[in-house]
Ligand SMILES: NC(=O)c1ccc[n+]([C@@H]2O[C@H](COP(=O)([O-])OP(=O)(O)OC[C@H]3O[C@@H](n4cnc5c(N)ncnc54)[C@H](OP(=O)(O)O)[C@@H]3O)[C@@H](O)[C@H]2O)c1
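Structural data, given as structure tokens:
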């Protein structure tokens, strides 16, 4: 049965034309018999505030926010949840009684994907490659869940800044290592899970990997949050080295499912979300 009060949802970013979010969320609405719709909105930076005001006054219930507005959007919001405050970035907003609230579901999406693949986080040493927006959300969430974190980023200062913020906000120590083959080789011998959060290997430069194959150890679990292609060069190399591998679709699906929970208080059908994305990317 269709809902009598259809709501509008969407993704805001620039560019957004290749986003898989409309496909994924509309598949959920269809599966659950909800008459809501989800669209992609390519918005220029100067128009962001006006666009959000229009959504607030219209029939919108929620938006996802993507590159490059995850931080910029904060100035237009009325409230931020604890996670978004910690990360200082927002990927989900909800309109409720003219109030706009901001959330961040990226970190939880990553942790849920790890758990779904059978990984425990507490007490594990996790090496995060990268210190950009996604890395920040993942680092805070993994730290909250009791992981021992190591961060390595091409621009060392960004890794140091993230480490300092985690120490100041959560009181947890995070190791920072050089983004060099020798430093990564050394740390990998004591690492349980490696998560690539850099954009290296993403379409169209699909032959690239952020680290050399011979630093990979078969004891290691390797997750790549890049999801296009589904099996990145890093994951191919890791599989060949005997590692357990986890692709980026899990995080994409789980961060979306958490947004749906925030907006509609529903348990999203993960299998449907995964299937439509895999079909599209194949
Ligand atoms: N699966 C999911 O649900 C999901 C969710 C969010 C993001 N992602 C993916 O994650 C990736 C990163 O997204 P983001 O939002 O964190 O982007 P971002 O904020 O722009 O960060 C990019 C990161 O990649 C590093 N990097 C870029 N080019 C590099 C290179 N040639 N060599 C080494 N490092 C390089 C950057 O290092 P510097 O700091 O040195 O520039 C930075 O750490 C993207 O591919 C995105 O599609 C996936």
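Numbering (the numbering used here), first residue to last: 1492 to 1773.
Heads up, the beta-carbon is just placed ideally off N, CA and C, and yes, glycines get one too.
Judged by the Cβ position, residue 1746 qualifies as a neighbour of ligand 1 at the 7 Å threshold, a heavy atom of the ligand being closer than this. In the structure shown, the three-state DSSP call for residue 1710 is coil. Judged by DSSP secondary structure, residue 1728 falls within the alpha helix (DSSP H) whose first and last residues are 1724 to 1731.
Relative to the non-hydrogen atoms of ligand 1, the Cβ of residue 1515 never comes closer than 7 Å to any of them. When the Cα atoms are used, residue 1726 and residue 1679 turn out to be separated by approximately 16 Å. Here the C-alpha atom of residue 1518 lies approximately 24 Å from the C-alpha atom of residue 1694. Secondary-structure assignment with DSSP links residue 1592 through a beta bridge to 1570 and 1585. In this structure, residue 1547 has its CB at a distance of at least 7 Å from all heavy atoms of ligand 1. With a cutoff of 7 Å, residue 1649 counts as near ligand 1, since its C-beta is closer than that to a heavy atom of the ligand. Here the alpha carbons of residue 1714 and residue 1636 stand approximately 17 Å from one another. For residue 1530, the uninterrupted beta strand (DSSP E) segment begins and ends at 1528 to 1533. Here residue 1597 is buried, its C-beta having at least 16 other C-beta atoms within 10 Å.
Along the region 1531 to 1557, the beta strand (DSSP E) occurs as fully enclosed runs of 3 or more residues at 1551 to 1556, listed in sequence order. Using a Cβ distance threshold of 8 Å, residue 1711 and residue 1682 count as a contacting pair. Note that the C-beta distance between residue 1601 and residue 1742 is below 8 Å.
When C-alpha distances from residue 1530 are compared across 1521, 1507, 1663 and 1522, the shortest belongs to 1507.
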